[in-house]
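Okay, so here's the structure we're looking at.
In this note's numbering, the protein residues as written are 9 to 820.
Here it is as structure tokens:
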């Protein structure tokens, strides 16, 4: 029997080649698109799941309220919170702290040759990091590798970079940047490179005691210094929500008096380790450029679902639309004694074979397209997916669901025909079947309209963010990372370095030093309050240290007052704020604030200027209150602005002067516009992926529409011939065949606009600065899909409308 089913199926598929190709390719492309997106989604959800205790580990986030308003939402907590939790709650098994730093790491070989490199991925860590997390140590003892002072564990990558094939254990690395003096670190271990799907990235782990020794133990006990990524491991079976309530009550009891005195409140909230990558967007994230977006991942899953559903809908539509063509076959086979169950099996066998063929083609497409998809998403997706259990669970599942969903209904419809009616020529398609096909077409195009509207909105939002006036000039700006290794003559060194650059190259317009540049997250914060009036407690603000040329170099606008100037020796006791800071300090206006005194730390400073708000970070962030301090000795970034010309013409001069003044320090630089726009990389990747797969969904829908219009034209061949004989024009015939599809797409528009608007509004609300959706985007999406659909069906309708009616009526 199976052999019979197989031969009949092959004969039918070969006889109807166009139908076969359309169905197989539609299904194959749908399955391949779904699997590619699924791999991306699984990778995003895989972050931090490689830790054996992932479900027991939580990061402690830090929130602060001042005067009833939340002012801080930070991924890093204070160092005292870990010991407080462990010492007072048996539910806490262990805690770990990581403190990120950067600096110049130097290795001096026995032959005198030295390697000095600036390293950004360094963490000072408690020894418990190896017992809590599954970072694998290849050399050294995980229990003692970070015990004591001045030890360092290297990744395989870092060990090879500094020591090649030598054994690094016991060798000494010199670190500059943690304090004013270099620190000698003894290599105590080598570990595997941190997996890419880790939200924490590092190549160096330095013993925590090194920081305690240099901060008088403040790195152990401080409640106000919040630069420490703190993680706690709960005992098995502990309810994190119940523990959170106990912890909140304990903390309020301990800190209530202090909070009331300062009119502030703090909260330390547990975040599940595996949710950090997708559902956390706080200050001081470990890798802010790599943070994912849970909403984006969900949107991509919706697209994947649409693609697959549209492919299955195509199969159902095309199979049931061929009912009249296969009616005679069913009638003859039933008259010869075939049972309905046998016919159902025959048609289901066809569906299974088509889906099986489509699945194999989909596998080939995934293999072919995976490298390009990896490049598009900038994710380390690889052919290792074929060795993953989830992949070989997902693939057969898709095959079985597709075979059943796409084959069951057509097989029931085709097997239900009455042989007497069919053989007498009285067969006609049921009203229910026609309505179902129309409903499926409406669903297909409603889904594609939503995707088109989404794609347009995503690109409009990206263009808005990229083209918006940021409030500062970042063009033609070369930023050099300031030297880590300096001596007491640094200020005069920098001044001479700056003057030499301006003198030696006329293309250099200005040089300015600062603790931060636009696009660089500010970690330096402290409290400030008005000497008279305003909020009672200190307000935590972000601090930027800058020299005299920072404001004019970046073309920042003064709303009131003036910039720092050498003409005012008292500016060492002055301060500049931005408009957001003026508002939070409750001044009536920027002009009124000028000349007022503010208390910052132990200093009383006079406000001399107010800067117009500018975007320190991307438009995905709100404009924060910033305090600008005069720091001629600022030592993080040197911003070199060009008047005209290209960087290639000045780079040699800049590096030559650098080597002359700051020898021994690596020359590390970037271009400010590229650096700032890196904040939008994830959004741009999302836009590209969204657009490509939305186009794929449209293509699959049109593939089905092409097949459907072809069968519609075939079924109405004689009607078209009669109409042409009676005088109908080609245009009239075209409209006759197209109007049903136009009507269905118009209905799809009406059904799609409301859910599309709801989803897009929700997405846009996640941006502090965003476009308005507007009705035009939905009209455009509807017209675009209508035009695509008409182009799709036009080939068949024009062919039918211009054909010779004699051929259509010849057999009558």
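In this text, a Cβ means the ideal position worked out from N, Cα and C, and glycines have one as well.
Between residue 603 and the set 585, 609 and 592, the nearest pair of CA atoms involves 585. A straight-line Cα-Cα distance of about 20 Å links residue 620 and residue 532. Within 10 angstroms of the beta-carbon of residue 105 lie 16 or more other beta-carbons, which makes it buried. Each residue's CA atom was taken as its position, placing residue 235 and residue 88 some 11 Å apart. The beta carbon of residue 464 sits closer than 8 Å to those of 785, 788 and 789, all from its chain and outside the five residues before and after it, given in chain order. For the set 166, 800, 649 and 761, the Cα lying nearest the Cα of residue 679 is the one of 649. Per the C-alpha coordinates, the member of 363, 396, 255 and 110 positioned closest to residue 54 is 396. With 16 or more other Cβ atoms inside 10 Å of its own Cβ, residue 552 counts as buried.
Distance from the CA atom of residue 214 to the CA atom of residue 154, rounded to whole angstroms, is 7 Å. Beta-bridge analysis with DSSP links residue 570 to no other residue. A contact is defined here as three or more CB-CB pairs under 8 Å, and the stretch 509-525 fails this definition with respect to the stretch 443-453. Rounded to the nearest whole angstrom, the C-alpha separation of residue 699 and residue 386 is 16 Å.
Note that the C-beta distance between residue 567 and residue 598 is below 8 Å. By DSSP's assignment, residue 323 forms no beta bridge with any residue.
Here DSSP, grouped into helix, strand and coil, assigns residue 596 to coil.
Of the candidates 205, 210 and 190, the residue whose Cα lies closest to the Cα of residue 198 is 210. DSSP places residue 551 in the uninterrupted beta strand (DSSP E) bounded by 547-554.
Around the Cβ of residue 578, a 10 Å sphere holds fewer than 16 other Cβ atoms; the residue is exposed. Taking C-beta atoms as the reference points, residue 99 and residue 246 count as a pair closer than 8 Å. Secondary structure note for residue 286: its alpha helix (DSSP H) is the uninterrupted segment 284-287.
Exclusion of the five residues before and after residue 693 leaves 384, 385 and 386 as the residues of its chain whose Cβ lies within less than 8 Å of its Cβ. The C-beta of residue 207 has 16 or more other C-beta atoms within 10 Å across all chains shown, which makes the residue buried.
As a beta-bridge residue in DSSP terms, residue 115 pairs with 123. Taking the C-beta atoms as reference points, residue 216 is found nearer than 8 Å to residue 134. Cβ-Cβ separation between residue 370 and residue 760: approximately 27 Å, too far for a contact (criterion under 8 Å). As for any beta strand (DSSP E) of minimum length 3 sitting wholly inside the stretch 630-693, the runs are 634-638, 645-650 and 677-679, ordered along the chain. In the structure shown, residue 493 falls within a coil segment according to DSSP collapsed to helix, strand and coil.
Three or more beta-carbon pairs drawn from the stretch 484-499 and the stretch 665-683 are found closer than 8 Å, and the two stretches are therefore classed as touching. A check of alpha carbon separations from residue 565 across 556, 617 and 496 identifies 617 as the nearest. Burial is judged here by how many other beta carbons sit within 10 angstroms of a residue's own beta carbon; residue 261 has fewer than 16 and is exposed. Beta-bridge partners assigned by DSSP to residue 583: 615. With a 10 Å radius around the Cβ and a threshold of 16 neighbouring Cβ atoms, residue 474 comes out exposed. Around the beta carbon of residue 165, fewer than 16 other beta carbons sit within 10 angstroms, so the residue counts as exposed. When the alpha-carbon of residue 754 is set against those of 76, 682 and 450, the nearest one is in 450. Here residue 525 has 487, 645, 647 and 680 as same chain residues with Cβ atoms under 7 Å from its own Cβ, once five neighbours each way along the sequence are excluded.
For residue 238, the enclosing beta strand (DSSP E) starts and ends at 237-242.
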